[in-house]
Amino acid sequence: MKKTRGSTPTALDAVDPKRRLRNVALTLGALALGALALYLLEGIGSSKLTQALALCAIWGIATVSLNQINGTLGILSLGHHGFMLIGGYTTGLLTLSEASRRNIVNSARSTMTEDTLALSMTNLFNSLGLTGLTTPETEWVRFVVAVLFGGILAAVVGLIVGFPSLRLRGDYLAIVTFGFGEIIRLSASTRIFSPLTNGALGFSGLNSDFGKSVWWTFGFLAITVFVISKIKYSSYGRAMQAIREDEVAAEAMGVNLAYHKVLGFVISAFFAGIAGGLWVSWLAGVRLEYFLFSLTFFFLVAISAGGTGSITGVLLGTALVVFVRQYGDPLEETYSLQTWLYIASAVLGIAAVAAAAFRTFRRLRPRWNPSVWVPAALAVVGVVMASLDPAFLDGTFRGFGMRAIFLSVLLIVIMIFRPEGIVGRAEFSWGRLFGDDRSQPTDEERRQDAWLSNPELNKSAAVDDASRRLPEGGA
Amino acid sequence: MSVASHGSTRRSRRWLPYVVLGGLLILIVLRMSYLMGLEGRFNGAFFVRALIDSVKLGSLYALIALGYTMVYGIIRLINFAHGEVFMVGAFATYFLFTVTPYGWVSALLFAAVLAFGVNRLVALFRTSPRDPVTLGATGVSFVALFFLLQAGTWPFWAALIGSMLATGVLGVTIERVAYQPLRTAPRNSLLITAIAVSFLLQNLGLLTLTNRQTPFRPETGLLNAVQLPIGEQVVQTNALFVGIPLLTLVLVLVLHNFVTRSRLGRAMRAAAQDAETAQMMGVSVNKVIATTFFIGSILAAAGGAMWGLNFGSLNQPAILGILPGIKAFAAAVIGGIGSLPGAVIGAVVIGFSESFLTALFPRTADFQGITEFKDTFAFVLLIIVLLIKPSGIVGEDLSEKV
Amino acid sequence: MALLEVKGISKSFGGLMATRDVSFEVNQGEIVSIIGPNGAGKSTLFNLITGVYRPDAGQITFEGASVVGLKPNQIVDRGIARTFQNLRLFTNLTVLENVLVSQHHKQRTTLLSSILRLPGYRKQEREAREIAAEKLAFFGPRLLSFRLNQPVLVLSYANRRRTEMARAMATGAKLLLLDEPSAGMNPKETAEITQIIRRMRDEGGYTIVLVEHKMNLVGEISDRVIVLDYGVKIAEGNYRDVVNDPKVIEAYLGKRDEDGSSAAGRADGAAL
Chain A
48 MKKTRGSTPT
58 ALDAVDPKRR
68 LRNVALTLGA
78 LALGALALYL
88 LEGIGSSKLT
98 QALALCAIWG
108 IATVSLNQIN
118 GTLGILSLGH
128 HGFMLIGGYT
138 TGLLTLSEAS
148 RRNIVNSARS
158 TMTEDTLALS
168 MTNLFNSLGL
178 TGLTTPETEW
188 VRFVVAVLFG
198 GILAAVVGLI
208 VGFPSLRLRG
218 DYLAIVTFGF
228 GEIIRLSAST
238 RIFSPLTNGA
248 LGFSGLNSDF
258 GKSVWWTFGF
268 LAITVFVISK
278 IKYSSYGRAM
288 QAIREDEVAA
298 EAMGVNLAYH
308 KVLGFVISAF
318 FAGIAGGLWV
328 SWLAGVRLEY
338 FLFSLTFFFL
348 VAISAGGTGS
358 ITGVLLGTAL
368 VVFVRQYGDP
378 LEETYSLQTW
388 LYIASAVLGI
398 AAVAAAAFRT
408 FRRLRPRWNP
418 SVWVPAALAV
428 VGVVMASLDP
438 AFLDGTFRGF
448 GMRAIFLSVL
458 LIVIMIFRPE
468 GIVGRAEFSW
478 GRLFGDDRSQ
488 PTDEERRQDA
498 WLSNPELNKS
508 AAVDDASRRL
518 PEGGA
Chain G
2 MSVASHGSTR
12 RSRRWLPYVV
22 LGGLLILIVL
32 RMSYLMGLEG
42 RFNGAFFVRA
52 LIDSVKLGSL
62 YALIALGYTM
72 VYGIIRLINF
82 AHGEVFMVGA
92 FATYFLFTVT
102 PYGWVSALLF
112 AAVLAFGVNR
122 LVALFRTSPR
132 DPVTLGATGV
142 SFVALFFLLQ
152 AGTWPFWAAL
162 IGSMLATGVL
172 GVTIERVAYQ
182 PLRTAPRNSL
192 LITAIAVSFL
202 LQNLGLLTLT
212 NRQTPFRPET
222 GLLNAVQLPI
232 GEQVVQTNAL
242 FVGIPLLTLV
252 LVLVLHNFVT
262 RSRLGRAMRA
272 AAQDAETAQM
282 MGVSVNKVIA
292 TTFFIGSILA
302 AAGGAMWGLN
312 FGSLNQPAIL
322 GILPGIKAFA
332 AAVIGGIGSL
342 PGAVIGAVVI
352 GFSESFLTAL
362 FPRTADFQGI
372 TEFKDTFAFV
382 LLIIVLLIKP
392 SGIVGEDLSE
402 KV
Chain L
2 MALLEVKGIS
12 KSFGGLMATR
22 DVSFEVNQGE
32 IVSIIGPNGA
42 GKSTLFNLIT
52 GVYRPDAGQI
62 TFEGASVVGL
72 KPNQIVDRGI
82 ARTFQNLRLF
92 TNLTVLENVL
102 VSQHHKQRTT
112 LLSSILRLPG
122 YRKQEREARE
132 IAAEKLAFFG
142 PRLLSFRLNQ
152 PVLVLSYANR
162 RRTEMARAMA
172 TGAKLLLLDE
182 PSAGMNPKET
192 AEITQIIRRM
202 RDEGGYTIVL
212 VEHKMNLVGE
222 ISDRVIVLDY
232 GVKIAEGNYR
242 DVVNDPKVIE
252 AYLGKRDEDG
262 SSAAGRADGA
272 AL
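Residue numbers (the working numbering), protein chains in the order written: chain A, 48 to 522; chain G, 2 to 403; chain L, 2 to 273.
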């Protein structure tokens, strides 16, 4: 919120123009710095780092758009992977390379028809007479339009998914969105859609290098963050937040629930579709397995860990989840059982220490309750057993799925101890950095507060002389 | 939707469900006779087999659905993790009849878990988990189980019971660790946590159990072949066609008895109606909730074991529990979430529609059949029911008051 | 023509008749109070007028047009706004945001223009803030200083009530339904809110219908008083007449027995 406190009680200017200029300049400067950092990282870093960065951007788009519903509107939506699927397949089909199309036609098991395979950006532009846009130099145009198409199609489906939100609340609505996500995924492989999706086989050989480029992905991310944050701090965003806070009161204050809820879904689905298109371009192929519910689960972890309702928080959470996904490989190696026992004991020990710290911090008594000594005892037992190296600990064990386990445990811990996420609702803004927005009273104001409210001291607070009269009749 | 008209519309449309049901039955009979008229395998035996499958499937879904509906009735939580509890039950049974005898370490751990389960089970009927009878039973069973687990291969019935106890313990633990701290939290947080627990269990299963499809073929009389003569045809099936519905019936009756007659059951019903007031009347809400999870998990485990028997194998842990979980939840909603008979009714509906519907539109020369839509169908049905009549067939309307 | 006309509305929930054949009118610029014992159906009446419930029977017209069957946000568009008995503020939003949300329905700019922050949108925002300031100023400077950007959850109870009233005023409604505006306020705050309500009518031009329990407030500012009991209107008129109406006394205090004693009096006697 870039607002300043007025110096007089009734001054309510949104942002002082000088400050706004400063903010814009700072944002541009930060973007430039970010671009420089990206350039350096891309040059120096490994391909793994580049992949991590691109993934941060793509998943960032998905989480920021999911936050539009979960955080701003307060509706738990679990079908985001469905929207991404639609965007992904649309973009994929439109940007499939000629060579790949011919391969699919010739392949025996493919379910795609000549007609569906004719759906390409090139053909589309040709049929519209825009032959200038079918050259190799203008490939980026075709890429961008294909991604946007994916978003639009996803938005249309978002419109449909939004309607149940008018009748259902809370848990039931969450289940319905989950249902829609799964219906989209399951029906994509059935014969209704397999001409378009090639069923369980999927297809690969997408034509573009843009997906693998951090510049394009971060570009889209910047646009997404811009649009979503502008909406959040606009009148529409306030209306959506009001719906989150108290739907009945919002409706009683003139907010059209239906319109805003569906609008939220449409916007969210649009950007999810874009994220899907970018995701597919990055992977250079489309398969149903890319769009499982686990994707939405990772987004949930990102949002909850980072900070529901805050775009900054959500992006931080996304970075965390991507980091675990990309760099968590060591967790999934094969180690000896003894090593695993050491690791498990270490984790339990940390948990015990964290629990003790938490209880001390929050001044909870007694300090040594089961949440502290149970993990501690187990850790000690584990370490002892491991160092004895008994026979039954021979053997190795592969940490299959450890990253997912780590993230699930993280989510549970966050939900219990800090459900608002690391950052909570706080949003980064230049104003906050420079201390513009002071919603806490200064000392002067505190001293004045009594004066402010007390009509005896402050004439302008005296609404009427009559207010000094004692009430008549019984109280 | 505002809290608009009740009374009048409901009264005037009471005949509607019967008309719909009658119409559906007529359509089904017509379709059946059409199919039987066609040449081929769509004879009486075919439909009887479909009927048997429906009954079995309905019973299995009922066992899972009861867990969903009981938990929702008490704490208004859709326990996303219940499908995974079902999965654990299935695998626990597998490991009890396949991997036994255990080494002493595993026997120790497992005996501890099972003894804890016995403790909770006996505590259902006694006043406290710490009273002498319960403690005695716990101790005795711990020692006994420690030796039994190393003694030899366990028979199926023992594996079933052991798995039920162990899964019950799992359910109670999940509730205690993940849901109880969130008792006062907003509902969204609780739902997200349930999703996290579900995901965690799936991956723990992948990690510790297996990541492949597992054959499930214990030695049990339930798998004995049975031949049912239908007119001149013979239906080949096994004893499960009686075993599964029978087990379900027995468990449901025991549950019903427990909930209506016992003290704790009464407390559960009170807490489901109004937890706060129940607490003020001396009901220990924590104990009631723990019991609810325990019973729900026991039933799910039974369902898991029977599921394995029925299909002869178990999908890998990250997959096994998902679809049955969703379908059982749909069943609970369709029947009326919060209502026990509703869960059973809904499960029968889902079981029938899944099996019988596939039988009514089978694969023929010119029709590809509808099996590939089977799972989508469950989701679609769930959404339709939630949109049209969220209170389900039996249920009460749990909407908000201004 | 009266601003608001309520004719013969009835509403029942299951078997309970919450409102039975209630009729009254409110003219432009009046302050009308609705009183009655608890459970008399006063909040239900507000819910019926604002579209939360749909009446089983009867008519409600506002400025000559029927409002029955409209959704609550449509009724706000028509010009009726309300406050809630148990306070329903947007707790995590700031005071300013609360008062801005209620103006959203009046806004004419598109989503696109708000994303791009076009001049039309900026102008609208400025005007909205001015209106917010104007409405909050009814309550003195206390809500306009640093409190403006504080989330409502840190405000005192009385300040929350004031914010909710300002929020309702900011909707641009002509008719305000205030549900127990002075609930939880001490006598000084009550006296202040009484004067503010009068100023709302005098300076702000609002027509006001109040549900109240505090008779001094009711007597001080009402042009007319309507009494409900068990969902039925049992009296209407100016304050003095209504307060002395035997039916009203009976509703609040119970019936006098034939020998002239009351249950209250007998209890006193027994205690002696």
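Backbone N, C-alpha and C define an ideal beta-carbon position, used for all residues, glycine too. Computed from a prediction, not measured in an experiment: that's the story for all the values here.
Counted within 10 angstroms of its Cβ, other Cβ atoms place residue i as buried (16 or more) or exposed
i	result
G/Q214	exposed
G/L250	exposed
G/A195	buried
A/K95	exposed
A/R189	buried
L/Q104	buried
G/G393	buried
A/V152	exposed
L/N39	exposed
A/R414	exposed
G/T10	For G/T10, the predicted model reports a pLDDT of 45, less than 50, meaning its position is unreliable and no value from the coordinates is stated.
G/K57	buried
G/Q203	buried
L/R83	buried
L/K124	exposed
G/N258	exposed
Per DSSP, the bridge partner or partners of residue i
i	result
G/A226	G/N239
L/D246	Paired residue(s): none; L/D246 is not in a bridge.
L/R225	L/V33
A/Y382	A/F444
L/G238	L/V226
L/V210	L/V33 and L/L178
L/T195	DSSP output for L/T195 lists no bridge partner at all.
L/Q60	L/K8
L/E284	Residue 284 of chain L lies beyond the residue range present for chain L, which begins at 2 and ends at 273; the question has no answer from this structure.
L/R83	L/L178
G/T215	G/L315
A/A403	DSSP lists no partner for A/A403.
G/G59	None, per the DSSP bridge assignment.
L/T95	L/P152
Pair within 8 Å by beta-carbon distance, residue i and residue j
i	j	result
G/V236	G/A46	yes
A/I275	A/I207	no
A/F250	A/G332	yes
A/V327	A/G205	no
G/A331	G/I299	no
L/A167	L/V100	yes
Margin query: Within 8 Å, do at least three Cβ pairs link the region 69-82 of chain G to the region 336-344 of chain G?
Written below: yes
message: With three or more C-beta pairs closer than 8 Å as the rule, is the region 194-214 of chain A touching the region 310-326 of chain A?
response: yes
Please specify which runs of the alpha helix (DSSP H), each continuous and at least 4 residues long, are wholly inside the region 80-168 of chain G, giving them in chain order. 83-99, 105-126 and 133-152
| task | Please confirm if the region 240-252 of chain A is in contact with the region 65-77 of chain L, defined as three or more CB-CB distances below 8 Å between the two stretches. | result | no
Within the region 430-479 of chain A, note down every full beta strand (DSSP E) run reaching 3 residues or more, in order along the chain. 443-445
Three or more C-beta pairs below 8 Å linking the region 53-68 of chain G and the region 365-382 of chain G:
no
For the structure I just gave you, are there three or more beta carbon pairs, one from the region 75-92 of chain L and one from the region 152-162 of chain L, closer than 8 Å? yes
Q) Below 8 Å, can you find three or more Cβ-Cβ pairs linking the region 8-22 of chain L to the region 222-233 of chain L? A) yes
inquiry  = Check whether the region 128-148 of chain G and the region 71-91 of chain G touch, using three or more Cβ-Cβ pairs below 8 Å as the test.
reply    = no
Quick test of the definition: if touching needs 3 or more C-beta pairs under 8 Å, does the region 197-210 of chain L touch the region 167-183 of chain L? yes
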